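Down below is the structure, laid out as structure tokens.
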Amino acid sequence: MRKLLVIGIGAGNPDHMTVQAINGLNCADVLFIPDKGAKKNDLADLRRQIWDRFVTNPKSRRVEFDVPVRAEPAPSYRSTVDDWHEAIAAIYEALIRDEIAKDGCGAFLIWGDPSLYDSALRILERVRLRGNVAFELEVIPGITAIQALAASHKMALNRIGDSVLVTTGRRLTQEGLADNAGSTVVMLDGKCAFNTLADKDVVIHWGAYLGTADEIILSGRIGDVGSEIERVREEARLQKGWIMDTYLLRKPGEPEE
Ligand SMILES: C[S@@+](CC[C@H](N)C(=O)[O-])C[C@H]1O[C@@H](n2cnc3c(N)ncnc32)[C@H](O)[C@@H]1O
């Protein structure tokens with residue numbers, strides 16, 4: 033039976049690769065590298081760097097594939113994502129069927145960790161349910177952007193005994209900060225949703241390109257640093273052509289420990 037490894041490669045720094053991830057890479061005969069368009073070339077580049085540095089298996093080859101662009105969310109976010117995932121499932125199915133020998137092993141390299149805001153595992157489940165190609169699956173965890181954020185700010189994610197909520201910029205704009213969340217981590221935010229919060233005393237620990245040579249981090253009350261983060265973020269995005277940022281929010285007035 034074909035074997036598929038879904039390998040977390042860390043959040044942008046080849047040094048994030050674990051020993052388990054490197055061993056996984058070298059078990060695979062073929063590595064699948066998504067191409068998300070010219071603006072995100074840096075992202076595909078990281079995967080190529082990982083290949084150059086860690087792949088020692090002479091039988092291994094690299095297959096790059098185009099990722100279809102997601103339509104604008106209409107009529108509903110969920111149905112748009114569903115159509116998009118169906119299109120990617122067809123691509124994955126063809127890659128598995130055509131590029132991996134019947135007893136071979138292939139690997140998908142996943143940014144950060146496959147369990148966090150990544151759809152590869154859900155899409156592979158779709159491929160399995162389509163029933164056209166059988167495979168055995170193994171998941172190898174990676175360092176997430178959240179861990180990279182906490183490390184760069186030299187802080188624990190949670191206050192003692194308190195909760196951590198992980199959410200998206202879209203939900204933060206719609207719902208605000210949850211009453212019972214001690215700390216809120218926000219990902220996938222293209223619009224600086226923190227600036228929509230009414231309470232400007234909320235403290236933000238923000239980071240872009242975390243773990244990489246281009247890393248930028250800023251912290252403070254939103255009232256003090258919110259517009260600076262927005263300006264720095266936009267400048268960096270224009271300069272590099274893309275940006276990925278993550279941040280942690282805490283309400284004021286609660287003791288740190
Ligand atoms: C599609 S999610 C992928 C998350 C990934 N699976 C993980 O484990 O971190 C992309 C989001 O992750 C965050 N992200 C990923 N890498 C990052 C980095 N190096 N610096 C800051 N944020 C990052 C950003 O919030 C970005 O919008």
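To convert, take the position in the sequence shown, counting from 1, and add 32; that gives my numbering.
Think of the CB as a built atom: it goes at the ideal place given N, C-alpha and C, for glycine as much as any other residue.
It should be emphasised that the depicted structure is a prediction, and the values quoted were computed from it without experimental measurement.
Selected residue, minimal CA-CA separation from residue i, among the options
i    : options                   : result
D114 : I82, A152 and G144        : A152
A43  : Q179, T199 and L189       : Q179
G214 : V234, R202 and Q206       : V234
D47  : G174, I123 and T228       : G174
V196 : K186, V218 and K134       : V218
T88  : Q271, I54 and N227        : I54
L148 : T200, R158, E262 and G163 : T200
I155 : R129, Y124 and E168       : Y124
D135 : S108, M33 and R282        : M33
F86  : M49, D277, S259 and A210  : M49
D67  : F97, Q81 and G163         : F97
Residue(s) in a DSSP beta bridge with residue i
i    : result
V101 : Partner(s): none; V101 has no beta bridge.
E96  : I65
E157 : The partner list for E157 (beta bridge, DSSP) is empty, contrary to what the question assumes.
H237 : S251 and L280
F86  : BP columns for F86 are empty, so no partner.
L37  : A139 and E170
M219 : T200
G144 : G42
Neighbourhood of residue i by C-beta, 8 Å cutoff - its chain only, sequence neighbours within 5 removed
i    : result
A182 : A188, L189 and L280
Same chain, Cβ closer than 6 Å to residue i, neighbours up to 5 away in sequence not counted
i    : result
C59  : C137
A119 : P100
R191 : G214
Alpha carbon of residue i to alpha carbon of residue j, nearest angstrom
i    : j    : result
W83  : L37  : 15 Å
A122 : V257 : 44 Å
W143 : I41  : 6 Å
R160 : A126 : 12 Å
D231 : H117 : 37 Å
T205 : D61  : 44 Å
I7   : I236 : With the chain covering only 33 through 289, there is no way to say anything about residue 7.
E289 : L250 : Reliability fails at E289, whose pLDDT of 49 lies under 50, so the model's placement of it is uncertain and no value is given.
A133 : A166 : 12 Å
L169 : K35  : 6 Å
G222 : E157 : 28 Å
Check: residue i C-beta below 6 Å from any heavy atom of ligand 2
i   : result
V87 : Ligand 2 is not among the ligands present in this structure, which contains only ligand 1.
is_contact[residue i, chain B] using C-beta, thresh 7 Å
i    : result
E168 : This model lacks chain B altogether; it includes just one protein chain.
Cβ neighbours of residue i in the same chain (closer than 7 Å, five flanking residues each side left out)
i    : result
T244 : G44 and N45
G56  : L37, I39, A139 and I172
P146 : V38, G40, A152, L153 and V171
I275 : A240, R265, A268 and R269
Point to revise | For ligand 1, residues whose Cβ lies under 7 Å from any non-hydrogen atom | key: Checking every Cβ against the heavy atoms of ligand 1 under 7 Å gives G40, A43, G44, I142, W143, G144, D145, P146, L148, Y149, D150, G174, T176, A177, I178, A180, L181, M219, L220, D221, G239, A240, Y241, L242, G243, T244, M276, D277 and T278.
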